[in-house]
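Here the structure is laid out as structure tokens; the discussion comes afterwards.
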Amino acid sequence: MQMHEPQKVGRRSYLKYGGVGILAAGIAGAAHLLQKPEMPTGHSAQLTNVPSSGTKPLSTETHTSPQRKTTLITEGGKSLVSVVKGGSSTDIEAMVRRAVESIGGIQTIVSAGQAVVVKPPVFASDKNCAPDVRVVLAVVKMVQEAGGIPVVAESSGSGDTAFNLAKVGVTDAAEKVGAAVRDLQTEREVNIPVPNGLALHEVKTYPTILNRDALISVPRLKRHSSATVTISLKNMMGTIPKREMGRFHSVNLSQCIADLNTVIRPDLTVVDATYAMTRTGPTGGDMIEMDAIIASEDPVAADRIAAQKLQELEESIGLSPSRLFKAADVKHINAAAELGVGTNNPADMQIIEKLLS
Amino acid sequence: MEGAAVLGGLRLISIVPPAARADLVRPPGAVEEAYFNLMCIRCGICFEACPSKTIMLAGFEKGAASVNTPMINPLIGPCEYLRGRCEDAMRCAEACPTGALQNVDKAQVKLGTAKLNQELCLAYNGRECLVCSEMCPLPDAITVTEDQKPVFHNTICTGCGACVNACPANPRALTLLSEGERRARWP
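Read top to bottom, the protein sequences are chains A and B. Numbering-wise (the numbering used here), the first sequence opens with residue 1 and increments by one. Numbering-wise (the numbering used here), the second sequence opens with residue 358 and increments by one.
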């Protein structure tokens with residue numbers, strides 16, 4: 001430990017404060033009461049948990065969830081999922097482009113002038129918990145080429161969102177190509193109903209999410225301590241305020257994730273599986289190279305296939321059996337399939353595996 | 358004038374050495390309590406320097422001698438020196454004009470210990486919640502059992518308050534106490 005020399009206020013002014021004070025010690029207590037520091041405005045709200053149900057939103061704040069197209073790119077009624085391996089190539093942007101082209105291309109989702117929200121999970125300021133910046137950048141560029149207006153938006157679970165986005169390099173990368181980066185937590189919260197929800201009846205989100213024309217989820221493939229895996233479905237928890245995330249845990253996390261995806265469903269999912277986080281997550285897991293990009297218009301199918309790849313990877317690296325999981329048993333993926341968000345049955349998917357070079 | 362009077366008045370009270378309190382968690386680098394109370398001039402500069410405003414000024418409920426001295430309130434946010442946002446610059450101690458907060462190495466800092474009340478914990482009541490272990494900046498301070506329950510390791514915990522801040526249980530299952538704190542050496 002090193003000593004710290006007094007700097008800004010010297011010994012003289014230190015004594016001066018004391019000297020003045022002796023004269024007026026009598027009124028100290030009363031004046032203090034008047035001076036009691038104000039807490040930041042969010043504080044009182046943070047102290048009280050939102051009840052799980054029964055809260056009636058103010059009618060002026062309630063918005064109906066926008067109607068989204070529900071048609072999937074399918075082949076013979078099957079959800080298309082592409083898995084592109086880099087092989088000897090390390091060009092991540094080319095992998096992302098190939099993965100999206102394999103399922104029909106970005107133009108099937110984005111048309112000119114549309115506001116497209118690109119949603120990477122930036123849970124904390126740790127680079128490993130966010131997707132590779134090059135994957136986010138590739139998606140942003142593809143949206144721009146299709147004529148869309150990309151907005152990179154996030155609401156972090158841990159810490160300050162703007163700080164986290166800057167720290168993992170997303171802010172710099174997006175702004176360099178002229179895309180907006182939005183800290184959702186600075187926006188006004190809006191309530192939306194969840195008509196098909198089993199655990200959720202309404203959920204708070206933000207105007208950027210509500211007013212989107214399309215939503216592209218760009219998660220990293222990770223294990224998760226509470227939810228087993230965190231891929232595209234769990235990524236949608238980054239579109240809601242922190243207090244709502246807490247409420248999900250206190251109600252029924254898996255069902256809440258599935259319910260949320262019925263109203264905030266990504267139109268395209270691009271999973272960064274170049275490196276996957278194994279053993280635990282969303283931070284602190286071991287990063288293992290997988291060298292793949294997985295894309296699909298069906299977030300449940302993307303999650304199911306990505307989880308399958310993660311399961312196989314963990315089995316191959318000899319992780320202790322108590323830490324392993326089964327992709328077919330991930331509760332929130334199965335719950336989302338039950339609600340019709342997508343399919344979790346590999347028999348209903350067409351998986352296109354490609355090797356870049 | 359009134360402000361100076363308040364400061365001075367509180368300086369007088371601080372001559373009385375206060376008893377250590379479990380519910381009064383000092384900012385990182387604080388010297389031992391008896392010295393701290395004498396050296397702290399209640400200027401609030403550390404509070405202003407804190408990026409997450411985790412440092413707040415104590416009120417009368419923490420004892421008359423501690424009024425307006427800085428304390429960590431994990432309900433507002435965790436200590437960012439321990440969690441990372443301060444990026445190894447100890448903003449509160451660098452701002453402290455008197456040395457009541459010393460600039461110390463991050464590895465030496467232990468503000469206190471997070472205490473878990475299993476009766477209130479969601480994981481111990483059958484919910485899928487391990488938010489505390491997700492938020493913890495240390496790899497081993499909170500471990501997870503095979504049946505998905507958090508276990509707290511007091512000797513590893515540095516008392517940053519990240520878990521207490523994020524705990525979604527109502528009422529919170531976690532509290533931050535100054536137990537086991539490591540203070541900076543003085544003189």
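Beta carbons are placed, not taken as given, at the ideal position from N, Cα and C, and that holds for glycine.
Status (buried if at least 16 other CB within 10 Å, exposed otherwise) for residue i
i: residue 317(A); result: exposed
i: residue 196(A); result: exposed
i: residue 297(A); result: buried
i: residue 183(A); result: buried
i: residue 229(A); result: buried
i: residue 530(B); result: buried
i: residue 355(A); result: exposed
i: residue 335(A); result: buried
i: residue 255(A); result: buried
i: residue 393(B); result: buried
i: residue 502(B); result: exposed
i: residue 299(A); result: buried
Neighbour list for residue i in chain B, Cβ cutoff strictly below 9 angstroms
i: residue 276(A); result: The premise fails here: residue 276(A) is roughly 17 angstroms from chain B at the closest Cβ pair, so nothing lies under 9 angstroms.
i: residue 150(A); result: What residue 150(A) touches in chain B: nothing, since even the nearest Cβ is about 27 angstroms away.
i: residue 253(A); result: 484, 485, 486
i: residue 166(A); result: Correct list: empty, because the minimum Cβ distance to chain B is about 11 angstroms.
i: residue 322(A); result: 503
Alpha-carbon spacing of residue i relative to residue j, whole angstroms
i: residue 147(A); j: residue 93(A); result: 18 angstroms
i: residue 481(B); j: residue 151(A); result: 40 angstroms
i: residue 192(A); j: residue 424(B); result: 44 angstroms
i: residue 309(A); j: residue 499(B); result: 28 angstroms
i: residue 140(A); j: residue 173(A); result: 10 angstroms
i: residue 144(A); j: residue 169(A); result: 19 angstroms
i: residue 69(A); j: residue 262(A); result: In this prediction, residue 69(A) has a pLDDT of 44, which is less than 50 and means its spatial position is unreliable; what the coordinates show is noted afterwards. Taking the straight line joining both Cα atoms gives about 12 angstroms.
i: residue 280(A); j: residue 225(A); result: 6 angstroms
i: residue 114(A); j: residue 107(A); result: 11 angstroms
i: residue 543(B); j: residue 461(B); result: 12 angstroms
i: residue 494(B); j: residue 541(B); result: 22 angstroms
i: residue 219(A); j: residue 239(A); result: 13 angstroms
i: residue 55(A); j: residue 199(A); result: Annotation note: pLDDT 39 at residue 55(A) (below 50); position unreliable, coordinate value reported separately. Cα-Cα distance, rounded: 14 angstroms.
i: residue 179(A); j: residue 149(A); result: 7 angstroms
i: residue 338(A); j: residue 90(A); result: 38 angstroms
i: residue 342(A); j: residue 496(B); result: 35 angstroms
i: residue 112(A); j: residue 234(A); result: 29 angstroms
i: residue 325(A); j: residue 448(B); result: 43 angstroms
i: residue 37(A); j: residue 381(B); result: Note that residue 37(A) scores a pLDDT of 40, beneath 50, so its modelled location is shaky; the value from the coordinates is reported in the next line. One C-alpha to the other measures close to 17 angstroms.
i: residue 422(B); j: residue 514(B); result: 28 angstroms
i: residue 290(A); j: residue 475(B); result: 38 angstroms
i: residue 77(A); j: residue 109(A); result: 18 angstroms
Best match in the options for proximity to residue i [C-alpha to C-alpha]
i: residue 492(B); options: 395(B), 435(B), 401(B); result: 435(B)
i: residue 470(B); options: 405(B), 447(B), 509(B); result: 509(B)
i: residue 223(A); options: 186(A), 287(A), 258(A); result: 287(A)
i: residue 385(B); options: 524(B), 430(B), 420(B); result: 430(B)
i: residue 187(A); options: 162(A), 172(A), 202(A), 198(A); result: 162(A)
i: residue 439(B); options: 528(B), 407(B), 485(B), 486(B); result: 407(B)
i: residue 390(B); options: 405(B), 420(B), 404(B), 400(B); result: 420(B)
i: residue 357(A); options: 199(A), 85(A), 81(A), 234(A); result: 85(A)
i: residue 512(B); options: 487(B), 530(B), 464(B); result: 464(B)
i: residue 189(A); options: 256(A), 200(A), 175(A), 204(A); result: 204(A)
i: residue 452(B); options: 507(B), 411(B), 400(B), 518(B); result: 400(B)
i: residue 165(A); options: 442(B), 437(B), 396(B); result: 442(B)
i: residue 132(A); options: 160(A), 274(A), 167(A), 236(A); result: 274(A)
i: residue 118(A); options: 208(A), 158(A), 160(A); result: 208(A)
i: residue 259(A); options: 272(A), 236(A), 276(A), 241(A); result: 236(A)
i: residue 201(A); options: 112(A), 257(A), 306(A), 353(A); result: 257(A)
i: residue 479(B); options: 506(B), 468(B), 379(B), 397(B); result: 506(B)
i: residue 282(A); options: 232(A), 124(A), 206(A); result: 124(A)
Within chain A, partners of residue i - CB distance below 8 angstroms
i: residue 442(B); result: 125, 159, 160, 163
i: residue 496(B); result: 284
Where residue i meets chain B, residues with beta-carbon distance less than 7 angstroms
i: residue 318(A); result: Result: empty, since nearest Cβ-Cβ is about 18 angstroms, beyond 7 angstroms.
Under 9 angstroms from the C-beta of residue i: neighbouring residues of chain A
i: residue 525(B); result: 49, 243, 245, 246, 247, 248, 249, 250
i: residue 490(B); result: 225, 226, 280, 284
i: residue 395(B); result: Simply none; closest approach about 10 angstroms.
Partners in chain A for residue i, counting only beta-carbon separations shorter than 7 angstroms
i: residue 508(B); result: By Cβ distance, chain A contributes nothing, its closest Cβ being about 12 angstroms from residue 508(B), past 7 angstroms.
i: residue 479(B); result: 249, 250
Tell me whether the region 344-356 of chain A and the region 258-277 of chain A touch, counting them as touching only if at least three CB pairs, one residue from each stretch, are closer than 8 angstroms.
no
Between the region 456-471 of chain B and the region 209-225 of chain A, are three or more C-beta pairs nearer than 8 angstroms?
no
Does the pairing of the region 517-526 of chain B with the region 241-251 of chain A give three or more beta-carbon distances under 8 angstroms?
yes
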